[in-house]
Structures are given as structure tokens and as C-alpha cells.
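Peer 1: First, the structure itself, so that you have it in front of you.
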Amino acid sequence: MISLPQAAPRVAKLTALSIGVALLATACGGSTTPSSTGSTTPAASGIACPAPSATGSATTGAGAGGTVPASTTTTDTPLKIGSLLPTTGSLAFLGPPEIAGVNLGIKEVNDAGGVLGKPVEVIHRDSGDTKTDIATQSTTALLGSGVSAIIGAASSGVSKTVINQITGAGVIQFSPANTSPDFTTWDDKGLYWRTAPSDVLQGKVLGNYMATCGAQTVGMIVLNDAYGTGLAKNVKSAFEAAGGKVVAEELFNEGDSQFSSQVDKVIAAKPDAIALITFDQAKSIVPLMTGKGIKATQMFLVDGNTSDYSKDFQAGTLKGAQGTIPGTFAKDDFKKKLLAIDPALKDYSYAGESYDAVNLVALAAEAAKSTKGTDVAKQLKAVSEAGEKCTDFPSCVTLLRNGKDIDYDGQSGPVSFSEAGDPTEAYIGIYEYQDDNTYKPSKEEFGKL
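Counting from 8, one number per residue, gives the positions in the sequence shown under my numbering.
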């Protein structure tokens, strides 16, 4: 471990978290208020969510469109990035898109000549989940390999087990999927960053959306960890602020395999809607609920469990259920690039955030003219704001090498960091399940934190 002097606390970490979320519009500029036309089929208990908006599949901004100039500064120490993403455990379904996003970012950086005259190296390691010690072992291996930044973990609970180990070594931890509000005030010496917004935003969107669908009462089944309880708190706050009431909130722990008690207690409260704030435990919980008469249209999922269940449930089981995932919808051109990296890819959750994390680290290294983690971290905020807009490594690094300030906006949406390393604005995608138990984009909400 590198012994570092105590860095000056970041401004946002000296004060209590104070975030105002402004839900500005759907992706098509419409209101989130239910309209008098085009509603989906009403569900049990009077729920009728607004009709899906036209999501579109436009391509993102153009790239450099020419030859990338050579770096005027070269490095003897190539930039080395590690990934700490799940290939086993309760979030393993998120691993493939996140790893594909990392690998696509690395490929495009190296196709453009690399960072400071050298190709970027990447080392992948499994994060596992909080039931194992895999993350600690993987982190030790990555730090021993001399990485400057680690992309991951996906789980907020897992990140809490390694954040001090990573940042204490002077290495950047950059998560594409951590959403716990706890990280905003963590003493990380300026080395923890994320492209996924705090669950203050996802919670606001989901709570308000259930109210918009006409639900007056909500029951919740919640994973008892940093992610689950933090998200539940914000869902409850938003739903109650919209005039609703949370009538049941049942917790379970990671590693639990029986959920009948929680399901029975929530159903007994007769809620209009049920929010499932879980990971892959939803595979066990959903059949228990449908077996007791709960309609799919009463179910609202979150990023931890909005996944492809086509091989898990009978056709129609989840038809009409909805889920939220931070980030804008993956565009067709980006999906094609990801599929070229991993042809078996079926899920794109957090691929954009992972891709953006790689680009931001690479661009910050160019701006810092250094591959040292502490130097790179000092430039991450600068490359995300108040400069000329650009959307990929070739176009952005061309501007940097021509002496321009840049403002990177990526595949996950606009990227502008707070002093705490959090996105200050983001999209939350709302998805609706189809008859085959896969989900499709329904609408997007944009919010500022």
C-alpha cells in the first residue's frame, strides 16, 4: 500500500448531503403527468401507467472524423486499468454488459493510439458479492499488478468492502453502477468516482412514477444492505411526498433463500403496487407473488433486478411489470459495437457507464500528463465540464492535444461531476416487460441532483 498524506476533503464532503432533484421531462419532452389518451391497460387496484413515449434509436455524436494527433507527452508507465465486476454472485447478470463496455472503451482508446503514447492495459477480476471475500482477493491482485484505476464494483455493498483498500493505495475506484448515497460523503481522498447517479434520483423517479400510475398505497420487499435500504428510503420519501402511503416494508438479507414471510406480509397489507428492491432474489419472489394473485402490472422493479427472465418464468409472467435503470437507453449504434465485443450479450445495463468510466480515466490521464492515480483523479472533474463538447476518446483527445478544454458527454448521458465525484445530472430509464419476460424501453426521466 502507498502511504498518502491526508488530502483536503472535497467541498461536498464537508457538508450534509443536500440534493434537490428536478424531474424536467421525458425523453420526448413530455410531462410525467398522466394524459387523457394513450394509457396502458389498467391494472388491478386502478393502476394505469402513462403510455410509453417514442424512445428512438438515434446514433450519438460524431467521433473525431480524422487522424488523432500524436501526444506531445509520453509516459514510461503505461496506463493500466483493472475491472472489479461481477461474473459470479447475485449481480452476475450485470457483468457481461459492464465488461463489454470496459473492453469497448479500451479498444477505442488503443485504436486511437492509446494514452500518452502507450497502449492502455486492462486486467479483469471478479467482484463476487457480499457473501464471499472474492472482491478483497481480486482487489489485492489488481493493486499488486500496478493499476492506476479500478472500474467497479457494481454492488454498493461490495464497494464498501474494498473502497478503503483501493483509495488508501492511491488508486482511483470508478464504479459504473454504485448508487448508494453513502459514497457521496465517504472519506475517499478524492479517489472515488461513479457514472451512475445516487439512488436519491432513482428513488425519486420510481416513487413519483408509481404515484403517476395511480397507486395510492405501496408495499416494498427490500434487500437489507446499503443499496436496498438506501433506495427504499428515497422511493418511500418520493411516494409519500406525492400523496401516497407505504403500507408494508419487509426486509431480507443477502444469502436468504426463503421469502414467503415477506411476501405474505406485504400482500396482507393490500397495496396497489409492490416495489421489489432486490438482486436476483426476484427469481424466487415473483412466483410467490403471482401465485397469490398479484398481477405483473402491480410490480415495479429496480436496476438490481430488471433483467431478462425469459428462461426463468413461463411466458406472460411479468408482462406489464416495469423497472427502472439509471442511464439513458442504449442506442443502436452502441449496441452494435458492444455485440462486436461480446456477441452473446443480451443485456446492456450499465454498459454505457462502464464505457464512459474508461474514457474519462483515459482523458483525465491525458489532461494530467500522468498515469499516476492521484494525478489522474485531479483531472476527472475538469474533463467532464465547461469545455468543448465531445462524445468519444478520439474526438476528445484530439481537442486536448490541440490545447482545448473539453466537456465529455458519453453513452450514459451527460456527464458532469460534483466535487464528491457524483454525476450532477442523469437519466433514469423506465422499462416495461413483454410477454416473453424480457423488457423494452418505455420512457426516460431526466433529473438533476
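C-beta: ideal position from N, C-alpha, C; glycine also. Here the structure is a predicted model, which means the values were calculated and not measured.
Going by the DSSP bridge assignment, what does Ala156 pair with across the sheet?
Peer 2: Here residue 156 is taken as the residue at index 149 of the sequence shown, counted from 1. Ala156 is bridged to Ile88, Ile179.
Peer 1: List the whole-angstrom C-beta distance separating Asp319 from Lys353, where the pair is believed to meet the contact cut-off of C-beta under 8 Å.
Peer 2: Here residue 319 corresponds to residue number 312 of the sequence shown, with the count starting at 1. Here residue 353 corresponds to residue number 346 of the sequence shown, with the count starting at 1. With 8 Å as the limit, Asp319 and Lys353 do not qualify as a contact, their Cβ atoms being about 13 Å apart.
Peer 1: Shortest alpha-carbon distance to Asp279 belongs to which of Asp263, Met306, Asp271, Thr297?
Peer 2: In the sequence shown, residue 279 corresponds to position 272, counting from 1. That would be Met306, whose Cα lies nearest to the Cα of Asp279.
Peer 1: For a test of the three-state rule: what should DSSP assign to Gly235, helix, strand or coil?
Peer 2: Taking the first residue of the sequence shown as position 1, residue 235 is located at position 228. The answer is helix: DSSP assigns Gly235 an H, G or I state.
Peer 1: Give the list of continuous beta strand (DSSP E) stretches no shorter than 3 residues that lie fully inside the segment 301-329.
Peer 2: Complete beta strand (DSSP E) runs here, min 3: 306-308.
Peer 1: Please go through the same chain and pick out, in chain order, the residues whose beta-carbon is closer than 6 Å to the beta-carbon of Thr44, but skip the five residues on each side of it.
Peer 2: Taking the first residue of the sequence shown as position 1, residue 44 is located at position 37. Here Thr44 scores only 36 on pLDDT, less than 50, and its place in the model is too uncertain to base an answer on.
Peer 1: Quick one: which unbroken beta strand (DSSP E) runs of 3-plus residues sit fully inside the segment 277-304? Chain order, please.
Peer 2: 280-284, all fully within the segment 277-304.
Peer 1: How about Ile179 and Gly380: are their beta carbons less than 8 Å apart?
Peer 2: Locating residue 179 in the sequence shown gives position 172, where the first residue counts as 1. Locating residue 380 in the sequence shown gives position 373, where the first residue counts as 1. Against a cut-off of 8 Å, the Cβ pair of Gly380 and Ile179 comes out as a contact.
Peer 1: With 16 other CB atoms within 10 Å as the buried threshold, where does Asp442 fall?
Peer 2: Your numbering for residue 442 matches position 435 in the sequence shown. Counting Cβ neighbours within 10 Å, Asp442 comes out exposed, since fewer than 16 surround it.
Peer 1: So what does Lys227 bridge to, in DSSP terms?
Peer 2: Start at 1 with the first residue of the sequence shown, and residue 227 comes out as number 220. According to the sequence displayed, residue 227 carries Met and not Lys. Paired residue(s): Glu256, Ala282.
Peer 1: Once DSSP output is grouped into helix, strand and coil, what is the label at Leu30?
Peer 2: Along the sequence shown, read from residue 1 onward, the residue named residue 30 stands at position 23. Only weak support exists for where Leu30 lies, its pLDDT of 43 falling under 50; the coordinates are left without a value.
Peer 1: Pop quiz: Ala119 and Tyr357 are said to be a contact at Cβ under 8 Å. What is the actual Cβ separation, rounded to whole angstroms?
Peer 2: Stepping through the sequence shown from its first residue, residue 119 is reached at position 112. Stepping through the sequence shown from its first residue, residue 357 is reached at position 350. Incorrect: roughly 23 Å between the Cβ atoms, too far for contact.
Peer 1: Taking all protein chains shown into account, decide if Gln265 is buried (16 or more other Cβ within 10 angstroms of its Cβ) or exposed.
Peer 2: Counting from one through the sequence shown, the residue named residue 265 turns up at place 258. Gln265 comes out exposed.
Peer 1: Hey, quick one: how far does the beta strand (DSSP E) through Ile413 stretch, first residue to last?
Peer 2: In the sequence shown, the residue the question calls residue 413 occupies position 406. Taken as a continuous stretch (DSSP letters only), the beta strand (DSSP E) holding Ile413 covers 413-417.
Peer 1: What residues in its chain sit with their C-beta under 7 Å from that of Val273, if we drop five residues either side in the sequence?
Peer 2: Position 266 of the sequence shown, counted from the first residue, corresponds to residue 273. Only Gly226, Ile228, Ala255, Glu257, Ile281 meet the Cβ criterion.
Peer 1: Going by DSSP, what residue range makes up the beta strand (DSSP E) through Ala433?
Peer 2: Start at 1 with the first residue of the sequence shown, and residue 433 comes out as number 426. Ala433 -> beta strand (DSSP E) spans 432-440.
Peer 1: First and last residue of the alpha helix (DSSP H) that includes Tyr362?
Peer 2: The count along the sequence shown starts at 1 and reaches residue 362 at position 355. Here the alpha helix (DSSP H) through Tyr362 covers 358-375.
Peer 1: Kindly examine the ligand ADP and report whether one of its heavy atoms sits closer than 7 Å to the Cβ of Ile173.
Peer 2: The ligand ADP is not part of the structure shown, which contains no ligands of any sort.
Peer 1: Straight-line CA distance for Asp194 to Asp263?
Peer 2: Residue mapping note: residue 194 aligns to position 187 of the sequence shown, counting from 1. Residue mapping note: residue 263 aligns to position 256 of the sequence shown, counting from 1. Rounded to whole angstroms, Asp194 to Asp263 spans 31 Å at the Cα level.
Peer 1: Just to confirm my understanding: we take Lys447, look at its own chain, exclude 5 residues before and 5 after, and list those with CB closer than 7 Å. What are they?
Peer 2: Locating residue 447 in the sequence shown gives position 440, where the first residue counts as 1. The residues are Tyr438, Glu439, Gln441.
Peer 1: Give a yes or no on whether the C-beta atoms belonging to Thr285 and Asn312 are separated by under 8 Å.
Peer 2: Translated into positions along the sequence shown, residue 285 becomes position 278. Translated into positions along the sequence shown, residue 312 becomes position 305. Yes, these two residues count as a Cβ contact at 8 Å.
Peer 1: Could you give the residue range of the alpha helix (DSSP H) that holds Asp83?
Peer 2: By one-based count along the sequence shown, residue 83 stands at place 76. Looking at the DSSP string, Asp83 is not in any alpha helix (DSSP H), and its letter there is neither H nor E.
Peer 1: Which word fits Asp310, buried or exposed, when buried means at least 16 other C-beta atoms lie within 10 angstroms of its C-beta?
Peer 2: If you number the sequence shown from 1, residue 310 lands on position 303. The residue in question, Asp310, is buried, as its Cβ has 16 or more Cβ neighbours within 10 Å.
Peer 1: Let me confirm a value: Ala351 is counted as buried when at least 16 other C-beta atoms fall within 10 Å, else exposed. Which label applies?
Peer 2: Counted from its first residue, the sequence shown places residue 351 at position 344. Per the 10 Å Cβ criterion, exposed.
Peer 1: Does DSSP put Tyr199 in a helix, in a strand, or in coil?
Peer 2: Translated into positions along the sequence shown, residue 199 becomes position 192. Residue state, collapsed to three classes: strand.
Peer 1: For the segment 120-131 against the segment 81-94, do three or more pairs of beta-carbon atoms, one drawn from each stretch, fall closer than 8 Å, so that the two count as touching?
Peer 2: Cβ pair count under 8 Å is three or more, so yes.
Peer 1: Taking the alpha helix (DSSP H) that Lys344 falls in, what are its first and last residues?
Peer 2: Your numbering for residue 344 matches position 337 in the sequence shown. From DSSP, the alpha helix (DSSP H) with Lys344 extends over 339-348.
Peer 1: Could you check if Gly135 is buried or exposed, using at least 16 other CB atoms within 10 Å of its CB as the buried criterion?
Peer 2: For the purposes of this step, residue 135 is taken as residue 128 along the sequence shown, with counting starting at 1. Buried, by the Cβ-count rule.
Peer 1: What are the partner residues of Lys450, as DSSP defines its beta bridges?
Peer 2: Sequence index remark: in the sequence shown, residue 450 carries index 443 (1-based). In the DSSP output, where bridge partners are listed per residue, Lys450 has Ile437.
Peer 1: Since Asp399 and Glu105 should fall inside the 8 Å C-beta cutoff, what is the C-beta to C-beta distance between them, to a whole number of angstroms?
Peer 2: Residue mapping note: residue 399 aligns to position 392 of the sequence shown, counting from 1. Residue mapping note: residue 105 aligns to position 98 of the sequence shown, counting from 1. 18 Å between Cβ atoms; not a contact.
Peer 1: Does DSSP classify Cys397 as helix, strand or coil?
Peer 2: Taking the first residue of the sequence shown as position 1, residue 397 is located at position 390. Cys397: strand per DSSP, three-state reduction.
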